[in-house]
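This report refers to the structure that appears directly beneath it.
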Amino acid sequence: MAMMRYAEALNRALREEMARDQTVFVFGEDIASYGGVFKVTQGLAEAFGDRVRDTPISEQTLTAMAVTAAMTGTRPVLEIMYADFLPLSLDALVNQASIYNYIWNGQVTMPFVLRTQGGGGVGTGAQHAKSLDSMVAHIPGLRVLAPVTPADARALLKAAIRDPHPVVFLEHKLLYNTRGEVPDDDTLGEIGRARIARAGRDVSIFATSRMVLEAEKAAAELDAAGISAEVVDLRSLRPLDLDAITASVGRTHHAVVVNEDWRFCGYAAELSATIMEHAFDDLDAPVERVATLDMPIPYAETLEREVIPDAARIAAAARRALA
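Throughout the sequence shown, residue numbering follows this note's numbering, covering 2 to 324 in sequence.
Okay, here's the thing in structure tokens:
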């Protein structure tokens, strides 16, 4: 095991996969000479030369380039600087990447990864703080990952690069400096498998990305009040680990779903409906949803904190589920 930051774990995954497979290349906005706005790709250009390329700011064009490159036998890893600009990538994702395996009857593979970061918490405003998880997870044919620990960041990015399908890899700007142990071996993450971050018996809290950390804080608060909360880190937004979800509800009989995307038509709504459909008989109360308020993300950090979910709101939702 080595202790490292989340950003370092991603950098390590990219280095390892580029060294292992000459068809892997990395490109995006400011990722070569500058090392990425969050320094995830720092040093890669020096190590791999032309396989690390700076590009103009044109998310639509870049995503179409990744699709074309993947079809020709390479494995591109594209970085879109902010998730807020994923809508510019949608044509290539919806009308090209996600459907090629279907319309070509499996004769064409689409092995590319689109890395991007989203989420609020540092006062970056309405154009640089959105979480658009539900938008990309809605699209059949895409895999969508959102790891929270450095170990999972490395293992799942390696798995995503080796996967024959298009993968949207969601990172959170407040995770990059978090630290954790990362195995020294060539461990690959399992796409579609959730993780029990904290065992519990009274209520299940299903969370994604940074909200897992807030859910763990909420669980500690609830534990002090005599409530045992189980925290489930979904890790893979699509495909979803339905077995882990239903098993957890079967143990606790109460559920809270937490996601930083907007509440209306959001990913938390899909999770809530999924639990209702597949684990209704095990529920002793309706599912509680915790999500970002339906409004643009404020620039002022004091206002931003009122909009984005946190541990206090999650704990309150758990208490409502148990009331």
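For each residue, glycine too, the CB sits at the ideal point set by N, CA and C.
Remember, it's a predicted structure, so these values are computed and weren't measured experimentally.
Just tell me which of the options has its CA closest to the CA of residue i.
i, options, result
"D22", "E191, R144, R76, P287", "R76"
"L79", "F49, G124, L89, T117", "T117"
"A219", "Y101, N106, A313", "A313"
"M212", "A198, R194, H279", "A198"
"E307", "R252, V123, E231, N106", "V123"
"E9", "V137, A316, R180, V38", "R180"
"A130", "R202, Y83, T69", "Y83"
"A71", "E271, T293, L243, Q108", "Q108"
"P299", "D31, L91, G120", "G120"
"T275", "T303, R239, A301", "R239"
"P167", "D185, V149, V137", "V137"
"A319", "E60, F28, V149, A256", "A256"
"T253", "I246, V233, V204", "V204"
Compute the Euclidean distance between the alpha carbons of residue i and residue j, then round it to the nearest angstrom.
i, j, result
"A14", "T56", "22 Å"
"A160", "I192", "7 Å"
"I104", "M111", "12 Å"
"Y325", "N260", "Given that the chain is displayed from residue 2 to residue 324, the structure contains no residue 325 and the question cannot be resolved."
"T73", "S210", "32 Å"
"V288", "S34", "48 Å"
"H173", "G251", "30 Å"
"T125", "E302", "9 Å"
Where does residue i land, buried or exposed, given buried means 16+ other C-beta within 10 angstroms?
i, result
"D164", "buried"
"T64", "buried"
"A46", "buried"
"G227", "exposed"
"S273", "buried"
"M5", "buried"
Three-state secondary structure (DSSP) at residue i?
i, result
"L1", "Nothing about residue 1 can be reported from this structure: the residues present for the chain run from 2 to 324 only."
"F39", "coil"
"F86", "helix"
"E271", "helix"
Given 7 Å as the limit, tell me if residue i has its C-beta closer than that to any heavy atom belonging to the ligand SAH.
i, result
"R236", "Inclusion of the ligand SAH in the displayed structure is not the case, the ligand content being empty and no account of it being possible."
As an exercise, report each continuous alpha helix (DSSP H) stretch of at least 4 residues that is fully enclosed by the region 60–136, in chain order. 60–72, 101–104
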